[in-house]
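S.K.: First the structure, then my questions, so here it is.
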Amino acid sequence: MKDSSMRLVKEDGTRIDGRRLDELRPLSIEIGVLEKSDGSAYVQLGRTKVFAAVFGPKEVHPKHLALPDRAILNCRYHMTSFSVDERKPLGMTRREIELSKVIREALESVVFLEEFPRTSIDVFIEIIEADGGTRTAGLTAASLALAEAGIPMVDLVAAVAVGKIEGQIALDLSDLEDKYGEADMPIAMAPRLNSIVLLQLNGRLTREEFKKALELGKKGIMEIYQKQRDALRRKYSEEALMEV
Amino acid sequence: MKDSSMRLVKEDGTRIDGRRLDELRPLSIEIGVLEKSDGSAYVQLGRTKVFAAVFGPKEVHPKHLALPDRAILNCRYHMTSFSVDERKPLGMTRREIELSKVIREALESVVFLEEFPRTSIDVFIEIIEADGGTRTAGLTAASLALAEAGIPMVDLVAAVAVGKIEGQIALDLSDLEDKYGEADMPIAMAPRLNSIVLLQLNGRLTREEFKKALELGKKGIMEIYQKQRDALRRKYSEEALMEV
Amino acid sequence: MKDSSMRLVKEDGTRIDGRRLDELRPLSIEIGVLEKSDGSAYVQLGRTKVFAAVFGPKEVHPKHLALPDRAILNCRYHMTSFSVDERKPLGMTRREIELSKVIREALESVVFLEEFPRTSIDVFIEIIEADGGTRTAGLTAASLALAEAGIPMVDLVAAVAVGKIEGQIALDLSDLEDKYGEADMPIAMAPRLNSIVLLQLNGRLTREEFKKALELGKKGIMEIYQKQRDALRRKYSEEALMEV
Amino acid sequence: MSAIPPQSKKSLIAGIVQEKIYNLLQQGKRLDGRSPVDLRPITITTGIVEKADGSSLVSLGKTKILVGIKTEIGTPYPDRPKEGSFTVNAELLPLASIGFEPGPPDERGVELARVVDRSIRESKAIDLEKLCLIEGEKAYILFIDIYVLDYDGNYYDPSVIAALAALVTAKIPKYEVVGGKVQKTGEYFNLKLQKLPFTTTFGLIRGKFLVDPQLEEEAALDVSIIIGVDQEGNIVSIQKNSPGLIPETILEQLIEIAQEKTNAIRNKFCEALNIVI
Amino acid sequence: MSAIPPQSKKSLIAGIVQEKIYNLLQQGKRLDGRSPVDLRPITITTGIVEKADGSSLVSLGKTKILVGIKTEIGTPYPDRPKEGSFTVNAELLPLASIGFEPGPPDERGVELARVVDRSIRESKAIDLEKLCLIEGEKAYILFIDIYVLDYDGNYYDPSVIAALAALVTAKIPKYEVVGGKVQKTGEYFNLKLQKLPFTTTFGLIRGKFLVDPQLEEEAALDVSIIIGVDQEGNIVSIQKNSPGLIPETILEQLIEIAQEKTNAIRNKFCEALNIVI
Amino acid sequence: MSAIPPQSKKSLIAGIVQEKIYNLLQQGKRLDGRSPVDLRPITITTGIVEKADGSSLVSLGKTKILVGIKTEIGTPYPDRPKEGSFTVNAELLPLASIGFEPGPPDERGVELARVVDRSIRESKAIDLEKLCLIEGEKAYILFIDIYVLDYDGNYYDPSVIAALAALVTAKIPKYEVVGGKVQKTGEYFNLKLQKLPFTTTFGLIRGKFLVDPQLEEEAALDVSIIIGVDQEGNIVSIQKNSPGLIPETILEQLIEIAQEKTNAIRNKFCEALNIVI
């Protein structure tokens, strides 16, 4: 339990891990980390660690589940048993079922499914360590895995959580800040279109706070979006180099 | 637990709720209560409250489950978690599985399935409050829902439970009477054919008692059958009125 | 629990049940014990009692699961709830799932599946009483059931467990010997081919002990194999007699 | 959800078989030579599973049922603090029939278990108060597990026989209360059943009935019903267990025959197990 | 694994319907005659299930939601030893729609339960500290079970209304601590909700929005989002619950309307249940 | 029920690959340039999941295994009152291969978990008596959870390596007994493994063998077998894990090579983790 004297935001406006309120945790992105999938990515945001892998487009089995006019997008968000403080029992929790749905819907919003009728595209997100912001880090990774798999998208999805801690709007909450904070709002966007693809709110915000949180979220998303594109550029220039 | 001094049948031959031994609880029937199904009905018998809804005949998915010579009849009897004294856990209990089977078989006995080959007809019964006689009230409602859905039947099914309480044969047991009584015998009939479509016995009866119980059950069933037909007539004359 | 003074091997080299180290428990084999399957067998080895039944080759449902070039072999190893000391809960344990797999693979090694494309062959093993060596007794029974069902095989499968108890290599461990012994090694062979079709080791053996155990296992397997062939001969000569 | 089983197609062949059986019934005969009210031969073997507290293998014709009993110590139900309890489970093993699938019990297995349970429970065959060790705290729980091993029609009647045979011959590990705790004594005790309720299964074809249908008959029946009777002639369980219409007027006759047939089973049972009632 | 539901085919017909709805929206109209910001009529009935500690049947247009509350005594969560707890479950009953299958709740049912749970939990509607009996040992647990009975679009908003109606009118069996143990007093108490958070569901079609979509509209939407607001105007839950793009620029407007609409619902709710806030 | 997996079609292509691999084996070569007895490169990283009590990521060629350890306090097994316990679970994550499905572990996952469990258990690698806190009442329970992250053949050998690496480097939260109760001390302790058992997986093609098959080879094998050996050369686990015939005469040779190969793995392991044995 949180010590009552513990402060999430210090007097100088910095947080427990030394960040400013509008600062992301250190972010590292790697593309093509798993060899047997068609596309994959690894995202680490602070201590939050996530793999994503994509298979497809591929034939649907059994065939009667196929859609005649577009691909099916399947998505699983899953956590390892040891990714959280208390061991998570095996099997899908209700939380994992819900998050699989909203992540699937976020990705569906940007993928050109009509280009692959009668096929399926499977997206798997595995949370290796959960220190806040796993669904958004998972989405950030998944859209890169889709890109590596060559699945056409209207835009990448970049995502981050914003929240409210000790009355202040803060970017990219850690697990501790989420737990003892007043609100957590994961946001995912297709930044080029300035459009929301995932939005949830867990907590209480005034209208002004919501507006501020959305602004701060967009700022974080643009930073992440830039790093995603850098990673893709790095990946493909490296490949180009290797092909020489 | 029942107080030891509590009597299910008083000296004047009336029961705890004031009924005579051969008396039904107040029965109300409503047809067409749920709008999105093809047929539906609501039955309230004392405090026992039941919805039934029917979908179909409709295509079978996946196709290989279809029968070439007739419709499949699917049936689910289900109770809400709060319909009983102790909260019923989510999911189907063994009791609900058994009752789904015997109710399905009762309905199968009267529906002309051969008229709809390669289709399925789904019957859903939901117990909102369980105060004794839920399977029979469910059947009474389900056959009306089938009728509203326009599914041809050889006859309606009317059903009631009879039982033995403190040595006496009684009609339409309440939950309390079932629990502290000596026998509970749900009966469903196609009254026009004087034929049994569901019969179970939970308890101990002599041959004479059985005979008496069956007679009493038939009496109750005829009353219910009359009310079913009244409800249908009311429903369709109303509709006729509205169409004017 | 084992009494600390209990000895699995006495000074004269005999075991708790009076057997020598290289001696099988009494074995009885019966073929064609279940009438509604295509082939069946009952094997009793000491107190270990096992039924096996075979259905097929038969059509695969749904059809898309069929293999175009050979039969599917399905196998279930299952124990009754009362076959073991502590009541086994209903449903398949992880142990039963594993054993179903290795038994299925052992049988797949000898059956000419290519002769029955697009069909399935189902093998069911039911442990009625478990006193050690159930998977091997199950395999011994299953291969006879396959034979009775007329499924062509390159050879019968004969199987037995060997192990180490109080430092000595012993044939056909009982439950008690398995529990308090140092190693248990189930072996199944296609004896005519001198080939292993199932091999597992649960315990610790030196290389020399392993060699000795394998030799002893082969000796036991040859005895069982002989009894299997006797049982088949008996069965079919009886049938021949009855047909006269 | 309960669904019409796919194997229940009322095929052309079933129609021809039904015709044949009906014609035989009109002459008082059946496919296997029995009369309409003949049961198939019953054999009862007990004590075949030493690790079970009680066990039996019962065959009715070619239908074979295996039952085993295991005892555990548990807590009485809150509404019956002075009683032990029992639970019946049933599995239609895939060994028994091409129509039985591996996996958790389907609705047929559930129904079988519940019908056997009711026959035993409602007849008060087991004196549950004798199974209580400490009121509200500790009591014996009996697990009565039924496995259908070979299925040639009518698994209900032999399952009841097998359950009672396993119960009657069971040797239950005895516990005693010492200083408020229960501990094994190393001794065993017998359950003395207060009643011996048996069931008779009836099939109807065009208004004619037969008892104990075997598999070929079962597929051709219009409807079937199970009636359980105790040794005093009380009806202790009824289950209509198939679709179809039963003329109300035939019920009394079926009950009369059920009383006769269960008596015959009871005699056979007592003789086989050497019981005097 | 979450999969695109097969019924979500963006068919030719859906396209035509969308066109029609869009054209109406441009004129400020809808298929059923409502304006874009009109809710369907709300009816609230409570106390319909006597065996539940609280119950309600709410309809929003033709969509019907049944909620029941049951109370049990259990152990507080280790990290909240001074609080009782509540659990929300939701089932999309197959009676309600041809698109709902029997069986354990699918992802839609799970999402519904979790969104309702968050609206109640994050607004701190229930004073959980009042539900503790013995710190760290005994507390009330409320089971709030939602059943969608008839589904004509938008089960979210009426589910929140129904859950709150059942809570507000619930009579919880009272327990007291006697000598370190809890026992029923035979009395009942009311939950006094601290907040009344309601939600508004929005649908968007080509940048135009509408509230409370009915079924036909729902199938034609580009995207939908649910916004929960408490009586002080705080936003207490948001859930984008479908695929599709939401222009960031429209969000503030939706929130403003959600504040209005939830206020209207709250007034209706208080009036129906005779509550003064 | 165990069924032949559909992907195991012995296709024409598999036949051609087998021919190619066999021809290479005859020359002592393999598809990826290894000799028949060469393992693929092994890398071992530990401590990558801070929320786990121990963790490791091991790759064998392109096959990647993630293992994490979590500790809980529980009750010892009644027949081993003086010991703590451990449980091994394994999931073949769908990220790792198009052939792995999401959902509860299938028979392959169950077999993997049980083979790793046996290798650790039978070699007595963990001193379970040191994990007991109060005899018969409180003990540490270790959850060893294996996730196959990327699957290019042979997940057995690297899973054992990863499980041991996570165990060896784990920092287990220390509990102490105070007044008959257990409580966290805030300190941590290391598990000192008593044995380091490793496994070698062999594949056979027409009587020729190879170690550590990669995916393409695996699909072309006639049969495969896993042999576990501890540091004293004892054989501590064997699992034939595929259909097919193994000539009895080849077994001794496989065991000899397993002793060599597991020694090589052990040296690599100790070097990577800085362990002296």
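Protein chains in written order, with the numbering used here: chain X, 198 to 441; chain D, 198 to 441; chain R, 198 to 441; chain Z, 5 to 281; chain B, 5 to 281; chain L, 5 to 281. Glycine is no exception: its CB is placed at the ideal position from the N, C-alpha and C atoms.
Using 9 Å as the threshold, is the C-beta distance between V53 (chain L) and K246 (chain X) below it?
M.R.: yes
S.K.: R273 (chain D) CB to nearest chain B CB: under 9 Å?
M.R.: yes
S.K.: Excluding sequence positions up to five away, which residues of its chain have a Cβ less than 6 Å from the Cβ of F104 (chain Z)?
M.R.: Closer than 6 Å at the Cβ level, and outside the excluded window around F104 (chain Z), lie L96, P98.
S.K.: Quick one: which residues of the segment 254-282 of chain D get their C-beta closer than 9 Å to a C-beta of chain B? List them in chain order.
M.R.: K255, H258, N271, R273, H275, T277, S278, F279, S280, V281, D282
S.K.: Identify every run of the alpha helix (DSSP H) within the segment 122-181 of chain B, keeping only runs that are complete inside it and at least 4 residues long; order them along the chain.
M.R.: 160-173
S.K.: Hey, D149 (chain L) and F279 (chain X): beta-carbon distance below 9 Å or not?
M.R.: yes
S.K.: In the segment 360-401 of chain D, which residue ranges form an unbroken alpha helix (DSSP H) of at least 4 residues, counting only runs that do not cross its ends?
M.R.: 372-377
S.K.: Measure the C-alpha to C-alpha separation of M198 (chain R) and G400 (chain R) and round it to an integer number of angstroms.
M.R.: In this prediction, M198 (chain R) scores a pLDDT of 45, lower than 50, which makes its location untrustworthy; the coordinate-derived value is nonetheless stated afterwards. One C-alpha to the other measures close to 19 Å.
S.K.: Measuring straight from C-alpha to C-alpha, what distance separates K13 (chain B) and G253 (chain X)?
M.R.: Model confidence at K13 (chain B) stands at a pLDDT of 49, short of 50, so the residue's coordinates are unreliable; what they give is reported in the following sentence. Straight-line Cα distance between these residues: approximately 20 Å.
S.K.: For D235 (chain R), does the three-state DSSP call read helix, strand or coil?
M.R.: coil
S.K.: Hey, would you say L135 (chain Z) sits closer than 9 Å to G88 (chain Z), going by beta carbons?
M.R.: yes
S.K.: Given that a residue counts as buried once 16 or more other Cβ atoms are within 10 Å of its Cβ, and exposed if not, what is N278 (chain L)?
M.R.: exposed
S.K.: For the candidate residues X:K415, X:Q365, X:I393, whose alpha-carbon lies nearest to that of G210 (chain X)?
M.R.: X:Q365
S.K.: Pop quiz: R267 (chain R) and M5 (chain L) are said to be a contact at Cβ under 8 Å. What is the actual Cβ separation, rounded to whole angstroms?
M.R.: Going by Cβ atoms, the distance from R267 (chain R) to M5 (chain L) rounds to 18 Å, so no, they are not a contact pair.
S.K.: Tell me, please, whether the CB atom of R210 (chain Z) is closer than 9 Å to any CB atom in chain D?
M.R.: no
S.K.: Would T47 (chain Z) be called buried (16 or more neighbouring beta carbons within 10 Å of its own) or exposed?
M.R.: exposed
S.K.: If you measure between the beta carbons of A170 (chain B) and V240 (chain B), is that distance less than 9 Å?
M.R.: Result no, Cβ atoms of A170 (chain B) and V240 (chain B) do not sit closer than 9 Å.
S.K.: Tell me whether K196 (chain Z) sits in a helix, a strand or coil according to DSSP, three-state version.
M.R.: coil
S.K.: Hey, out of R:D282, R:I300, R:H275, whose CA is closest to T290 (chain R)'s CA?
M.R.: R:H275
S.K.: Identify which residue in L:I138, L:P201, L:Y144 has its Cα closest to the Cα of I1 (chain L).
M.R.: There is no way to answer for residue 1 (chain L), as the model of chain L reaches only from 5 to 281.
S.K.: Is N93 (chain B) close to chain D, meaning its C-beta is less than 9 Å from at least one C-beta of that chain?
M.R.: yes
S.K.: Please state the DSSP three-state secondary structure of V53 (chain Z).
M.R.: It is coil, neither helix nor strand.
S.K.: How many Å lie between G237 (chain L) and A262 (chain L) at the Cα?
M.R.: 9 Å
S.K.: What do you reckon, is the C-beta of L310 (chain X) under 8 Å from a heavy atom of the ligand ATP?
M.R.: Inclusion of the ligand ATP in the displayed structure is not the case, the ligand content being empty and no account of it being possible.
S.K.: When the Cα atoms are used, what is the spatial distance from E252 (chain Z) to I269 (chain Z)?
M.R.: 26 Å
S.K.: Going by DSSP in three states, D427 (chain X) sits in which element: helix, strand or coil?
M.R.: helix
S.K.: I need the straight-line Cα distance from K408 (chain X) to L343 (chain D), nearest angstrom please.
M.R.: C-alpha separation (whole angstroms): 53 Å.
S.K.: By the criterion of Cβ-Cβ separation under 9 Å, what are the contact partners of D319 (chain R) in chain Z?
M.R.: Against D319 (chain R), the close residues of chain Z are P98, I102, P106, in the order they occur along the chain (beta-carbon pairs closer than 9 Å).
S.K.: Cα-Cα, which of B:A167, B:Y155, B:V172, B:A143 is closest to K178 (chain B)?
M.R.: B:A143
S.K.: Tell me whether the beta-carbon of L205 (chain R) lies closer than 9 Å to the beta-carbon of L368 (chain R).
M.R.: no
S.K.: Measuring only the C-alpha atoms, how far is L137 (chain B) from S127 (chain B)?
M.R.: 23 Å
S.K.: Just grab the DSSP bridge partners of P82 (chain L) for me.
M.R.: For P82 (chain L), which the question treats as bridged, DSSP gives no partner whatsoever.
S.K.: Buried or exposed: T189 (chain Z), going by 16 or more other Cβ atoms within 10 Å of its Cβ?
M.R.: exposed
S.K.: Just mark Q218 (chain Z) as buried or exposed, buried being the case when its beta carbon has 16 or more other beta carbons within 10 Å.
M.R.: Taking all protein chains in view, the Cβ of Q218 (chain Z) is crowded by 16 or more other Cβ atoms within 10 Å, so the residue is classified as buried.
S.K.: Using only alpha-carbon positions, find the residue among Z:N267, Z:S63, Z:D131, Z:A117 that is nearest to K86 (chain Z).
M.R.: Z:D131
S.K.: Verify whether the separation of the beta carbon atoms of E283 (chain Z) and K298 (chain D) is less than 9 Å.
M.R.: Because chain Z here runs from 5 to 281, residue 283 (chain Z) falls outside it and cannot be looked at.
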